[in-house]
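S.K.:
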C-alpha cells in the first residue's frame with residue numbers, strides 16, 4: 264500500500280501513521296458528531312492553536328478522511 268509517496272506494509276500501519284499525533288483523533292471525534300465550520304471546531308477545542316488546527320485539517324483532507332464543503 265502506498266500513500267503520499269510512502270510504502271506501508273499493511274493498512275493498519277497506514278492508519279496508525281495517518282492518525283498519529285495528539286490532535287487528529289480529537290478533531291475526527293468532534294466532526295464525527297456533526298459537520299462543523301472551522302470556527303465552531305476551533306471553539307470546541309480551545310487548547311488547539313489556529314495554526315495546528317489548519318495543519319491537521321489539511322493533513323486529514325489530504326489522506327481523504329475529511330472533505331471540505333463550501334457553503
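In my numbering, the protein residues as written are 264 to 334.
Note that CB positions come from ideal geometry on N, CA and C, so glycine has one too.
The structure presented is a predicted model; accordingly, all values stated were derived computationally and were not measured.
Tell whether a beta-carbon distance below 7 Å holds between residue 281 and residue 326.
M.R.: For the purposes of this step, residue 281 is taken as residue 18 along the chain shown, with counting starting at 1. For the purposes of this step, residue 326 is taken as residue 63 along the chain shown, with counting starting at 1. Going by C-beta atoms, residue 281 is nearer than 7 Å to residue 326.
S.K.: On the CB-based measure, 16 or more other CB atoms within 10 Å of its CB, does residue 331 come out buried or exposed?
M.R.: As a first step, residue 331 is located in the chain shown; it is residue number 68 there, counting from the start. Its Cβ having fewer than 16 others within 10 Å, residue 331 is exposed.
S.K.: If we call anything under 7 Å between Cβ atoms a contact, is residue 319 one with residue 307?
M.R.: Locating residue 319 in the chain shown gives position 56, where the first residue counts as 1. Locating residue 307 in the chain shown gives position 44, where the first residue counts as 1. Result no, Cβ atoms of residue 319 and residue 307 do not sit closer than 7 Å.
S.K.: Is it buried or exposed for residue 323, if we count other Cβ within 10 angstroms and need 16 for buried?
M.R.: In the chain shown, the residue the question calls residue 323 occupies position 60. Residue 323 is buried by the Cβ-count criterion.
S.K.: Would you say residue 286 and residue 311 are within 7 Å of each other, going by their C-beta atoms?
M.R.: Taking the first residue of the chain shown as 1, we reach residue 286 at position 23. Taking the first residue of the chain shown as 1, we reach residue 311 at position 48. Yes; because the gap between Cβ atoms is below 7 Å, this pair is in contact.
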